[in-house]
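Reviewing the structure listed below.
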Amino acid sequence: QLPANVQLVTIGSVAFDTLSTPFGRRKKVIGGAATHASVAASFFAPSLGLVGVVGDDFPDTYRTLLKRKRVDLEGLTHAPGKTFHWTGRYDGDMSVATTLSTDLGVFATFNPSVPAAWRKAPFLFLANIEPSIQERVLKQMAKPRFTLLDTMNLWIATRRQALLKTIKQVDAVVLNDMEIRQLTGENALIKAARACLKMRPRWVFLKRGEHGATLIGKAEYFHLHAYPTDKVVDPTGAGDSFAGGLMGWLAKDG
Ligand code: AMP
Numbered sequence: 104q105l106p107a108n109v110q111l112v113t114i115g116s117v118a119f120d121t122l123s124t125p126f127g128r129r130k131k132v133i134g135g136a137a138t139h140a141s142v143a144a145s146f147f148a149p150s151l152g153l154v155g156v157v158g159d160d161f162p163d164t165y166r167t168l169l170k171r172k173r174v175d176l177e178g179l180t181h182a183p184g185k186t187f188h189w190t191g192r193y194d195g196d197m198s199v200a201t202t203l204s205t206d207l208g209v210f211a212t213f214n215p216s217v218p219a220a221w222r223k224a225p226f227l228f229l230a231n232i233e234p235s236i237q238e239r240v241l242k243q244m245a246k247p248r249f250t251l252l253d254t255m256n257l258w259i260a261t262r263r264q265a266l267l268k269t270i271k272q273v274d275a276v277v278l279n280d281m282e283i284r285q286l287t288g289e290n291a292l293i294k295a296a297r298a299c300l301k302m303r304p305r306w307v308f309l310k311r312g313e314h315g316a317t318l319i320g321k322a323e324y325f326h327l328h329a330y331p332t333d334k335v336v337d338p339t340g341a342g343d344s345f346a347g348g349l350m351g352w353l354a355k356d357g
């Protein structure tokens, strides 16, 4: 039985991933930014809602998996067509994902609707997806206490104006070093973070892979090293899980 109040609403891709790493290849495994983020958040926050869309090829077993993590799927639309499908490859130290194809499927025509009971949720995570979809979700919420936005190189390059408009409405962004350089045109990370803060967010969470993560505010700077992981076989969803864990922790007391 799910608790009545959803503390954290997450919108983002729910996907099939086809992945190659130096350790092997997997076809159409469950993926998506909102999936990874919600599972990570479920370790902390007692009640979560996921807004997204899947096609009629999305198996019930994946729905069950999410429900078992106490992720409420009332906001997960089932549409005729194909589920979002990302194909990617990692080489060498696997610090960079190379996108081989992005098939938006049912996301191409998705018009999100946040269930009425979730609109007063205090925490909102705009996980990676096309930025105008993120904005449409943001607009349906009744003033969340804290909103975090994630994005990626594809949207920075192809939906820049929509992305800048959405960034203007959030409290914080979470980006890796390449994304923040691409977004701001600044090479030095601290300069890039300052440029981001000028866009409106109060906080920038910089993901720096094996070097950890840095939180930057107008007058704040905090760095945390990464947990030393000896065996890495597939980094997919690491950034989403980091952000989901962060939001789950913030949302855990409602
Ligand atoms: P990351 O945390 O950066 O490793 O994110 C990996 C996840 O991002 C995968 O599970 C993909 O399904 C998802 N993804 C890849 N491309 C996109 C995109 N253009 N929009 C939204 N999600 C994406």
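Under our numbering, the letters of the sequence shown match residues 104 to 357, in that order. Each residue gets a CB set at the ideal place from its N, CA and C atoms; glycine is no exception.
Through-space distance from residue j to residue i, alpha-carbon basis
i	j	result
E313	A329	6 Å
Q237	H188	19 Å
D175	V154	9 Å
L151	I293	33 Å
Q104	G347	Any answer about Q104 is weak, because its pLDDT of 43 lies below 50 and its placement is not dependable; what the coordinates show is given next. If you take the alpha carbons of Q104 and G347, they lie about 22 Å apart.
K170	A140	14 Å
L353	E177	22 Å
R239	N214	8 Å
Buried/exposed call for residue i, threshold 16 Cβ in 10 Å
i	result
P125	exposed
E233	buried
L257	exposed
D160	exposed
D356	exposed
V336	exposed
K310	buried
Own chain residues within Cβ distance below 6 Å of residue i, not counting five before or after
i	result
T138	V117
T205	W189
L179	L153, G155
A296	V307, I319
Heavy atom of the ligand AMP within 6 Å of residue i beta-carbon
i	result
G340	yes
L266	no
I236	no
I232	yes
G135	yes
D175	no
A118	yes
Any non-hydrogen atom of the ligand MN within 6 Å of residue i CB
i	result
D206	This structure lacks the ligand MN; its bound ligands are the ligand AMP.
Own chain partners of residue i with C-beta closer than 7 Å, once the 5 adjacent residues on each side are dropped
i	result
L266	P234, T254, W258, I259
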